[in-house]
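Chains as they are written, first to last, in this note's numbering: chain A, 1 to 382; chain B, 1001 to 1382.
Ideal placement from N, C-alpha and C gives every residue a C-beta, glycine not left out.
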């Protein structure tokens, strides 16, 4: 990941990434680790040849079934057919997964980071994820839940927050639709290939989302939705968001899995209460009663989840004056967590930029008032 | 309060108590303190004569307006006319106000303890209060709130809990009615005289409550309901209960005042959530979100408020085998807090029994397995 930024036109690298994105069932930390060490072309070659460096033999088992079957060109063509692209850690819009808890910004954390993402839509994933809230909930939602999901989303997108969800029936759809109606940005994370509309009844909704926002997935084109993929997908919903809000959830709702990911990834978690005799509020009430989730009454409560210190609704990060930055500088900004500081070594690790580039970038960013240094390291200016 | 228990037939004492109960606007700690020192007959005489012992001059100002106007016989007759009686700290059924936080079981705490209580109904106030939950809420309740108040109350009275409320429209009435329907015990605490039905539309409800449970008030017969009396009444609702549950409450609901009393008196506080777009749930959601109240989903949650250590629904205290105890022994049992221990001196103070009587009673209670001693003092057996 060091060295010059690969261009999208670099066909060899693009094919290598597409191969790597498909060669193991996500999430697969060993593939990410191997790419981090060898770069995509060498990593793909090593996996294909079943010959990997010492310390990376863990990559062999999860790739055994698919290593020899190269669907790369088919995947790229099918993606192209639906207007999708593959974005990778080498792309500027790769999101700041550094938002993962600092203590986990190690090899182990890569297990949660996707190898690459298939993306439809005009949005930039990094800016979309910079100020994003996940709004999830029951598929069998009530009209109360749909109404509340719509209201909360409407207020959030008015404040320039991106609303991320899973395009499912019920709360997910209510959130996406409200974001679209409010001309806000919304991101749908799929548990299937980018060329599949799941659920099929949401084909139009997904097309509408892809027209202004983003539809994303870590699964190669053609992949069908499956139970374990919903669970893996939920981790991306949480990881891309600065807070997760569950609007309605029954006792065993899938939304509770997204909530569990929020806790694991240290994302603030909120839940909307409802009537205590409503089965679709049981999960929300349990999370609030157990102290796992904060009670959410309105969009302000959600904003406070992200910014507990208050001071009203802060300007979301995407509205910061980072537009004129070079790729290197942007990468350094994105390497910094929303809270807390990083040392130079950590910024080098997270950003994947050489130490000299990082030092120069920090100096410029400091002058621009975008970062500051204290005895704990470098942090984003509030 | 030391010496033999005065009998209800002691007309002189009864008249003194009725005088004392009316001579100052409740709550009036100085009157309680004076009675504690002089006994009712001497305390009444001293107030009437405007001549009180050193250290008790604080009683003069709050009694100045009424000391010379003796309504005692009128009050006793009006109470008799509606089948009400006056119970006092000298009566066996005087509740265990010792449940007030231990640190406050001092003169200052008497400010919160009523001088005496006018009571209608066949219940014994001490046993009613021994396992009681206050169920309060908005007068302008929704059908959801009424339904929930009824359900929760129905479940609580099935488990032999007393449900205490204020006989107001809305949640209060729904709770009382459900308790009556479930043949459970319910207590209505009024902010007016025992001979007044407030609200007038609840005349039949109050009669029904008085038929099986209790209607109580610290206000003398003839007293009209007034804003400040509702606030003082709310303190008794909380003080008589082992937990307070707010079912619905708007932003400025009177139920929030009862909740404030619960916090002040160290009673566990619960609140029932509802739709976030319901104005009558705003107060409940605020208390839950602020961590002031526990989210209540069902009667089990309420029982856990009282007994956080769980183990299912415990036998309420009234079902303990205290029926065969002497008055002295019962008084000592009731002097002990539901949690924590008291030393002999404190038990003497709270029970108002001589130290020799307390020692004898404790020895018997110990043998019966009702109390136990450890290095912190005497405590109720769990």
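Helix, strand or coil: how does DSSP classify residue i here?
i	result
residue 948 of chain B	No answer is possible for residue 948 of chain B: it lies beyond the span of chain B, which begins at 1001 and ends at 1382.
residue 1038 of chain B	helix
residue 1100 of chain B	In this prediction, residue 1100 of chain B scores a pLDDT of 49, lower than 50, which makes its location untrustworthy; the coordinate-derived value is nonetheless stated afterwards. Note: residue 1100 of chain B maps to coil in three-state DSSP.
residue 1269 of chain B	strand
residue 1406 of chain B	As shown, chain B starts at 1001 and ends at 1382. That puts residue 1406 of chain B outside it, with no answer to give.
residue 74 of chain A	helix
residue 1023 of chain B	coil
residue 1403 of chain B	Missing from the structure shown is residue 1403 of chain B; chain B here goes from 1001 to 1382 and no further.
residue 1139 of chain B	coil
residue 1176 of chain B	helix
residue 1208 of chain B	helix
residue 1158 of chain B	helix
residue 254 of chain A	coil
residue 1356 of chain B	helix
residue 13 of chain A	helix
residue 1319 of chain B	Annotation note: pLDDT 36 at residue 1319 of chain B (below 50); position unreliable, no value reported.
residue 1234 of chain B	helix
residue 1067 of chain B	coil
residue 1309 of chain B	coil
residue 368 of chain A	coil
residue 1349 of chain B	helix
residue 1330 of chain B	helix
residue 1127 of chain B	helix
residue 18 of chain A	helix
residue 1146 of chain B	helix
residue 1229 of chain B	helix
residue 261 of chain A	helix
residue 112 of chain A	coil
residue 223 of chain A	coil
residue 1203 of chain B	helix
residue 337 of chain A	coil
Consider the Cβ of residue i: report whether some Cβ of chain B lies at a distance smaller than 8 Å.
i	result
residue 297 of chain A	yes
residue 288 of chain A	yes
residue 148 of chain A	yes
residue 11 of chain A	no
Check the DSSP bridge columns for residue i and list the partner residues they point to.
i	result
residue 374 of chain A	A:377
residue 1118 of chain B	B:1086, B:1217
residue 1342 of chain B	B:1378
residue 1133 of chain B	B:1163, B:1243
residue 295 of chain A	A:271
residue 1186 of chain B	B:1163
Check whether the Cβ of residue i lies closer than 8 Å to any Cβ atom in chain A.
i	result
residue 1285 of chain B	yes
residue 1246 of chain B	no
residue 1294 of chain B	yes
residue 1312 of chain B	In this predicted model, residue 1312 of chain B has a pLDDT of only 41, less than 50, meaning its place in the structure is not dependable enough to derive any value.
Members of the region 250-278 of chain A near chain B, C-beta cut-off 8 Å: Within the region 250-278 of chain A, 272, 273, 274, 275, 276, 277 place their CB atoms closer than 8 Å to a CB of chain B, listed in sequence order.
Three or more C-beta pairs below 8 Å linking the region 1079-1092 of chain B and the region 1051-1065 of chain B: No, the region 1079-1092 of chain B does not touch the region 1051-1065 of chain B.
Kindly confirm or deny that the region 116-124 of chain A and the region 140-155 of chain A touch, where touching means at least three C-beta pairs closer than 8 Å. Short answer: they don't touch.
Please determine if the region 1337-1346 of chain B and the region 1295-1305 of chain B are in contact, where contact requires at least 3 C-beta pairs separated by less than 8 Å. Not touching, per the Cβ criterion.
Does the region 155-169 of chain A touch the region 231-251 of chain A, meaning 3 or more C-beta pairs lie closer than 8 Å? With a cut-off of 8 Å, the region 155-169 of chain A and the region 231-251 of chain A count as touching, because enough Cβ pairs lie within range.
Could you tell me whether the region 218-227 of chain A touches the region 181-197 of chain A, where touching means 3 or more Cβ pairs closer than 8 Å? Enough Cβ pairs lie closer than 8 Å, so yes.
Under 8 Å (Cβ pairs) to chain B, residues found in the region 121-147 of chain A: Residues are counted here when their Cβ sits less than 8 Å from a Cβ of chain B; for the region 121-147 of chain A these are 144, 147, given in chain order.
Validate contact between the region 1016-1025 of chain B and the region 1071-1080 of chain B using beta carbons, cut 8 Å, 3 pairs: Because the criterion of three Cβ pairs below 8 Å is met, the region 1016-1025 of chain B and the region 1071-1080 of chain B touch.
Touch test, the region 268-285 of chain A against the region 247-254 of chain A, Cβ-Cβ under 8 Å, three pairs minimum: Under the 8 Å Cβ criterion, the region 268-285 of chain A counts as touching the region 247-254 of chain A, having at least three qualifying pairs.
Using 8 Å as the threshold, is the region 151-159 of chain A in touch with the region 254-268 of chain A, meaning 3 or more CB pairs across them? Touching, no.
Inter-stretch contact (C-beta, 8 Å, three-pair minimum) for the region 1222-1239 of chain B and the region 1257-1265 of chain B: Verdict: yes, contact present.
Check whether the region 349-365 of chain A and the region 1025-1033 of chain B are in contact - that is, three or more C-beta pairs closer than 8 Å. No: fewer than three Cβ pairs fall under 8 Å.
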